[in-house]
Structure formats: structure tokens, C-alpha cells
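Residue numbers (our numbering): 117 to 437.
We put the CB at the ideal spot given by N, CA and C, even for glycine.
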Ligand SMILES: NC(=O)c1ccc[n+]([C@@H]2O[C@H](COP(=O)([O-])OP(=O)(O)OC[C@H]3O[C@@H](n4cnc5c(N)ncnc54)[C@H](O)[C@@H]3O)[C@@H](O)[C@H]2O)c1
């Protein structure tokens, strides 16, 4: 029987767990968190989906973690992730790791972790989920091989510190290009406190460009008024508008003689997605999420950009999660 571990069973960790409750085959699940209260909430959440949690072990004792793990999901906050990964790999043989974003908020942690994964033969992925959503897979297919001229995200309460990484990742997934430069001069001054205690948030605009000159804009409009989260993609193949709030998209494509095609779509919650990712990892040896190595550049440029915005002398760290 396959063994899956979740380390960090808070908001997102418990949603990963709920998805595991949907798996059609039996797995042994270990849920580790430093907080007993959190484990109790995670247990309740599992039971909401599946009344039989006989195969789930909830523990605050790390020594009870299994020595052979098929998939580990590391859903702690960013500050503890490096230590948790090292602790896990010191004691257990792990095949696949799913890492929450921001994977780390210290640039110095990426290279040693990459080397550790290579040494221990771990395939690691970052949980940037838009590329696992059907709507973005379809858009990527439609725009494959076509240059993206402009990619714009706007909305309010995007929370750039926490979420810009998702849009950089989506841009790279659709354009198949690497982001080489970020311009942060249009960020709003200063920072705010994140809803996750001890972490920082940023609003305003981030501009970016890719190695073939595609332009990227993520605009977190700092307004009290609720605004839909929208994405506009202008490409050689045509223009696509995605409204993530309304879950609608308009496609005006050259191949369709610019006729407007309207589609509605579903965005799967984490609690409906991790089971699919797990099934793919176990059956195919890979999944739709972003390979860790491919995500390093985006993490680094974001950490550096926010550190620069804060006027820090040390640009290798920034308290985002
Ligand atoms: N991919 C996504 O779309 C997405 C969505 C939400 C959150 N996240 C990310 O997931 C991470 C967690 O966010 P959250 O909202 O679940 O936070 P949270 O605070 O609710 O959960 C974090 C959990 O980790 C536990 N923890 C901390 N240090 C630990 C350690 N050393 N060992 C074991 N457990 C430890 C805490 O007790 C807590 O229960 C953040 O980095 C966040 O940005 C990603």
C-alpha cells in the first residue's frame, strides 16, 4: 500500500488531506503538525469527506513518520519549510514531494535543496495549481508555439507577496518562456501585514518581461471596491480574457476568424485537486504541477524584488510565504 505524508495540516494542509479522502484506492496517510488543535481540525475536515479515517494517523511526534514515503506534501509556512524538508529526508526515503509556495523566502535555501533532491532521487513539485486547471491547460494548448505579446492580471486583494508567484508561474506555463526581469517601481509604498501572522504583503503593480520580450503586468488594485480577478492574454494567435471570479472566458482567435467564443469553466479547489495530482504521480511518475527546479527562478526574482522594494541591504530574504 502507498504511503502519503502531510506535514503542516493548517488551512491548505487540511484541504490537501480532504482531497486524499477522495482517493479511489486505499493509502496509508500520516499527518504531522506541531499543533494538536490543528490536527483535530484537519481530522474533522477529513471526516466531512470520508467517514472512515482508519488509514489516517494524526501525530505531533515526528519520530512516528514512516521510513518509506511515496508522496510527502509539505504545507507548513515558508519559514519552516527548509528545516522540515531536511528533517524528513534525514529519516525517510521519499519518492515525490509536493511543496507549497513560497517554497522558501530565503534564496540561499534553493540550491542546497535542489542538490539534496538530486542526491536522494526525489522528484519535487511546487503547488502552483493554475497549470493543473483545465481552463489554463486548454489556453496553453491553443497558444502553443505562439508568441505572447502581453499578459495582464488585475484585481484587488491579489496579495502579491503570497500570490504573485502563481501568476508568474501561469505566464511561464502558457508562454513557455522564462521571466528574466521584474520591475517593482509601481508597487505601492511600503508593505502591509499578511493575513498569515509574521509575514508581509504588497500591493500595486509588478511589471515583467520574458527572454523573448513578452510583457507581463500583475496589477493588484488597492481599492475598497470589490473587483473581479481578470487575466488578459494578447498573443500572435489572438486575445483571451479570463474572468476568474465569474469563471468565464472570451476567446477571440485568428484561427476562428476572430469570432468571439465564450466559455464557462470550473476552478477546482485544493480539496478536489490533490487527489488527481497524487493519482498521476503514482500511475505516471509525474504530475501537472511545476517541477521544483523550474520554479526556482521565479521564487528568486520575486524575493529579490520585494527585498529591493523594502530597501533591504540583504536582497536574498523577504518575509513572504
Ligand atoms: N498553493 C496555494 O494555492 C496555496 C494556498 C494557500 C496557502 N498556501 C501556502 O501554504 C503555506 C501554509 O499556509 P496555510 O494558510 O495553510 O497556513 P497555516 O498557518 O494555516 O498552516 C501552516 C501549518 O504548518 C504548521 N507548522 C509550522 N511549522 C511546522 C513544522 N516545523 N512542522 C510541522 N508543522 C508545522 C502550523 O502549525 C500550521 O498548522 C503557506 O506557505 C501558504 O502560502 C498555498
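Mind checking who residue 147 pairs with in its DSSP beta bridge?
Note: residue 147 sits in a beta bridge opposite 122, 174.
Helix, strand or coil, according to DSSP, for residue 225 in the structure here?
Looking at residue 225 - three-state DSSP - the assignment turns out to be helix.
Taking DSSP as the reference, what is the three-state secondary structure of residue 343?
Three-state result, residue 343: coil.
Give me the pocket residues for ligand 1, defined as CB within less than 7 angstroms of any heavy atom, sorted by chain position.
The answer, residue by residue, is 123, 124, 125, 126, 127, 128, 129, 148, 149, 150, 151, 154, 191, 192, 193, 194, 196, 199, 200, 216, 217, 218, 243, 244, 245, 278, 282, 312, 386, 437.
Tell me which residue opens and which closes the alpha helix (DSSP H) that residue 279 is part of.
Residue 279 -> alpha helix (DSSP H) spans 276-291.
Grouping DSSP H, G and I as helix and E and B as strand, with all else coil, what is residue 429?
Residue 429 falls in the coil class under three-state DSSP.
Just curious, the alpha helix (DSSP H) that residue 129 is in, first and last residue?
127-136 is the extent of the alpha helix (DSSP H) around residue 129.
Out of 152, 133, 157, which has the shortest C-alpha to C-alpha gap to residue 146?
Nearest option by C-alpha distance: 133.
Flag this pair as yes or no: are the beta carbons of residue 304 and residue 320 separated by less than 7 angstroms?
It is a contact, given that the beta carbons lie within the stated cut-off.
Tell me, please, whether the stretch 274-290 touches the stretch 301-316 by the rule of three or more beta-carbon pairs shorter than 8 angstroms.
The stretch 274-290, when compared against the stretch 301-316, does touch it at the 8 angstroms Cβ threshold.
Could you name the residues of the same chain whose beta carbon sits closer than 6 angstroms to that of residue 271, not counting the 5 residues immediately before and after it, in chain order?
Answer for residue 271: 343, 345, listed in chain order.
If we count the other Cβ atoms within 10 Å of its Cβ and call it buried at 16 or more, is residue 375 buried or exposed?
Per the 10 Å Cβ criterion, exposed.
Within 10 Å of its beta-carbon, does residue 226 have 16 or more other beta-carbons around it, so buried, or fewer, so exposed?
With 16 or more Cβ atoms within 10 Å of its Cβ, residue 226 is classed as buried.
If I measure Cβ to Cβ from residue 355 and keep anything under 6 angstroms in the same chain, skipping five residues before and after, which residues do I get?
So the qualifying residues of the chain are 368.
How many Å lie between residue 315 and residue 154 at the Cα?
Cα to Cα, the separation comes out at about 20 angstroms.
Answer yes if the stretch 218-234 comes into contact with the stretch 197-204, meaning at least three C-beta pairs across the two stretches below 8 angstroms, and no otherwise.
Enough Cβ pairs lie closer than 8 angstroms, so yes.
Rounded to a whole number of angstroms, what is the C-alpha to C-alpha distance between residue 360 and residue 176?
Cα to Cα, residue 360 sits roughly 37 angstroms from residue 176.
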